[in-house]
Amino acid sequence: MTDVPAETLRLGYSSLTRKRMVTLLAVALCLILSFILDTATGPGGYSLQTIAEVLADPYAHGARLKVIVWDYRIPVALTAVIVGAMLAVSGAQMQTILNNPLAEPFTLGVSAAASFGAALAIVLGVSVIPAIGGLLVTVNSFVFALGTCGIILLATRLKGVGAETMILFGIAIFFTFSALLSLMQYMASEDQLSRIVFWMMGSLSRASWDKIALGALLLAVTIPFALMRTWAMTALRMGEASAESMGVDVARLRIEMLISISLLAATAVSFVGAVGFVGLVGPHIARLLVGEDQRFFLPLSALIGALAMSLTSIISKTVTPGVIYPIGIITALIGVPVFVSIILTTRRERLG
Amino acid sequence: MSLEIENLSAGYGAKSVLRDVSIEPIQPGSFVGLIGPNAAGKSTLFKTISGALHPKAGAIHLAGANIVKMGRKRRAQAVAYMPQAYGCNALLSVFEAVLLALKQTSGWRVEADQLNRVSQTLAKLRLSHLADRGISDLSGGQAQMVAVAQALVRSPQLVLLDEPTSALDLHHQLSVLGSVRNEMRAQGTIIIAALHDLNLAAQFCDRLILIREGQVLADGLPEDVLALEALGQTYRVTTSLETTQRGSLFVDATL
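Residue numbers (our numbering), protein chains in the order written: chain D, 790 to 1141; chain U, 12 to 266.
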């Protein structure tokens, strides 16, 4: 074994840090491009230049295009970015605090609970919060998703409940709500059934400026909150006992993160429906690119989740001209093969 | 800077593991071996000193301050505990893992002198060549050395090592314990190491504490503690202490 001078190690680490910053910037740039492309694609076949002119001046090509671009396409494209980021951040945090690479809102039953909440509203018109009118389905799914996270949170307060128990607990919740959802589908009329199925497939067309503002606000609070705890979160990946010995209050950190996860996951799912996979793909690709130093891992997860969702939105509009496919179908059909191939090809040189 | 334990009792729930443990002051720079059979309470004692477990009664004084009443951050600065059974699948390099241990009690930004401290710690433990290696790709022994580096990089006043050599080959057992002892002696840091290998304990420790069923049975110089008849009874074997031709102590044990 040859000794490496301390200076070399220090410089090596600094250059690694710079490389990671470049990766973050590159993905951010891709996201901006994808966002612009997303606003430029869709039925109508307007040229990129026309769209760019409307972006600069809403009424450049008349009121019709202003409505198409500013009231429909931009909200949809922004929702894709924000929801993608929310799902990926909550997935990254779940994977970290549960020490399990399979954890994400979908696998832990949060999406199933949200779907059940939506179905309950569609079939029975039952609302957990009275007098909300048109937002009935959204609010119901949010409350059920948040409630599920709350139950997982309460379970962690019990003595002797570790990361593994929590995963099993999440799976139990997943099956329970799946069964209840089937029950709702069985009871539903033909029209209601199609609405439930459509809700579950996920759609960005439920976008609105209020939802975008709410989502952006939530990200603006939760991401800095998590960044302040990045060293403790990274330490948690060394194992609970190690983190504890380094001075991390593991129990408290878990609860803080679960609150953040709950709000992000519940909001994202209630906005666009039960979209799986983005919460898994964002963190995994981020991990392959920059490792698990959470200072880079968390922001990159958010960016990749946003990028994945934005690309999904583009693909959902371009596969068959004139048809917008539900995003849940696209994420699974196109995202999975891409994801699997990335994992298989990069498993060798991971830390580079 | 000395460590003293007074009437310490601790356990899990209603179950009591440590019963009224008192340890005479341990001087700065000394290497103390904690010996005793499995489930004697060694890990529980470490957990209590490091703050992972709150004691039911008693006090632990380090340099005049009671660790039991210390805040989490301050205690983590003063006491570094290396837990037993190591291993994780995180995608972090060895360098990052050691830096991480240093960053828990300092600010968010990484300073140049912190990078130097990590580099120097790795060099002292002869781990520099592994700096870029992923921690999940290490052998059991290498992972154990990284855990030692995580404890040392913080320059604590007290280092607790739970079975630090259990996964190491003979060469690394000697080299790790040797470099840890020299380093800590130079810094005036107290080391307490739980060791199963009594001959290793005899070779490196200035003082041995024998515990059994949560109580201190003997405390003194290695040659005195290892010569006790109670040692064999504690481990349920028959022991005799011999001196080898080179002058080192050797515990001969038979069932």
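Virtual Cβ for every residue (Gly too), placed ideally from N, Cα, C.
Proximal residues of chain U, C-beta to C-beta of residue i below 7 Å
i, result
"D:A795", "N127, S130, Q131 and A134"
"D:E1033", "A63"
"D:V811", "Per Cβ cutoff of 7 Å: no residues; D:V811 is ~17 Å from chain U at best."
"D:V1037", "Q115"
Partners in chain U for residue i, counting only beta-carbon separations shorter than 8 Å
i, result
"D:R1026", "C99, A101 and L103"
"D:A1021", "Q115"
Per-residue burial, residue i [other beta carbons within 10 Å of its own, 16 or more giving buried]
i, result
"D:N929", "buried"
"U:P94", "buried"
"U:Y23", "exposed"
"U:F3", "In the structure as shown, chain U begins at 12 and stops at 266. Residue 3 of chain U is therefore absent and cannot be evaluated."
"D:E796", "exposed"
"D:G1004", "buried"
"U:K26", "exposed"
"D:M976", "exposed"
"U:T55", "buried"
"D:D999", "exposed"
"U:A108", "buried"
"U:D173", "buried"
"D:F987", "exposed"
"U:Q244", "exposed"
"D:F1085", "buried"
"D:R799", "buried"
"D:M790", "Summary for D:M790: the model assigns pLDDT 48, below 50, so the residue's position carries little reliability, and this model does not support an answer."
"D:T1109", "exposed"
"D:S1059", "buried"
"U:V170", "buried"
"D:F1066", "buried"
"D:R853", "exposed"
"U:I201", "buried"
Residue i: contacting residues in chain U (beta-carbon distance under 9 Å)
i, result
"D:G801", "F106, A142 and D143"
Proximal chain D residues relative to residue i, where beta-carbon distance stays under 7 Å
i, result
"U:P94", "A1030, S1031 and S1034"
"U:A87", "M1035 and G1036"
"U:K290", "Summary: the structure shown does not reach residue 290 of chain U, with chain U confined to residues 12 through 266, and so no result is reported for it."
Partner residues on chain D for residue i, Cβ-Cβ distance less than 8 Å
i, result
"U:A267", "Any answer about residue 267 of chain U is impossible in this case: the structure gives chain U only from 12 up to 266."
Within-8 Å CB hit, residue i to chain A
i, result
"U:V121", "The chain labelled as chain A is not found among the protein chains of the depicted structure, namely D and U."
Can you find at least 3 beta carbon pairs, one from the region 1092-1105 of chain D and one from the region 859-870 of chain D, that sit closer than 8 Å?
-> yes
Indicate whether the contact test is met: 3 or more Cβ pairs, each with one atom in the region 960-969 of chain D and one in the region 1014-1028 of chain D, closer than 8 Å.
-> no
Quick check: the region 1073-1080 of chain D against the region 1125-1132 of chain D, are there 3 or more CB pairs under 8 Å?
-> yes
Decide if the region 818-836 of chain D is in contact with the region 850-870 of chain D; the criterion is three or more beta carbon pairs, one per stretch, under 8 Å apart.
-> yes
Would you check if the region 1116-1125 of chain D and the region 35-45 of chain U touch, i.e. whether three or more CB-CB distances between them fall below 8 Å?
-> no
Can you list, in chain order, the stretches of the beta strand (DSSP E) that have 3 or more residues and sit fully within the region 37-86 of chain U?
-> 42-46 and 68-73
Stretch-stretch touch, CB-based, cutoff 8 Å, three pairs: the region 891-910 of chain D with the region 929-946 of chain D = Short answer: they touch.
Write down every uninterrupted run of the alpha helix (DSSP H) in the region 805-882 of chain D whose length is 4 residues or greater and which is fully enclosed by it, in chain order.
-> 837-845 and 851-855
Curious, which full-length alpha helix (DSSP H) runs of at least 4 residues does the region 109-190 of chain U contain?
-> 123-135 and 151-163
Counting only runs of 3+ residues fully inside the region 1016-1062 of chain D, write out the beta strand (DSSP E) ranges in chain order.
-> none
Taking three-plus beta-carbon pairs below 8 Å as touching, is the region 74-83 of chain U in contact with the region 128-146 of chain U?
-> no
Inter-stretch contact at 8 Å, needing at least 3 Cβ pairs: the region 14-29 of chain U / the region 61-70 of chain U | yes
Does the region 83-91 of chain U touch the region 165-177 of chain U, meaning 3 or more C-beta pairs lie closer than 8 Å?
-> yes
Would you call the region 1003-1020 of chain D and the region 142-157 of chain U touching, i.e. three or more CB-CB distances under 8 Å?
-> no
Any 3 or more C-beta pairs closer than 8 Å across the region 155-162 of chain U and the region 806-826 of chain D | no
Are there three or more Cβ pairs, one per stretch, closer than 8 Å when the region 884-892 of chain D is compared with the region 1032-1046 of chain D?
-> yes
Any 3 or more C-beta pairs closer than 8 Å across the region 27-39 of chain U and the region 213-225 of chain U = yes
Could you tell me whether the region 1045-1057 of chain D touches the region 875-884 of chain D, where touching means 3 or more Cβ pairs closer than 8 Å?
-> yes
Sequence ranges, alpha helix (DSSP H) only - wholly within the region 937-1013 of chain D, length at least 4 | 952-976 and 979-990
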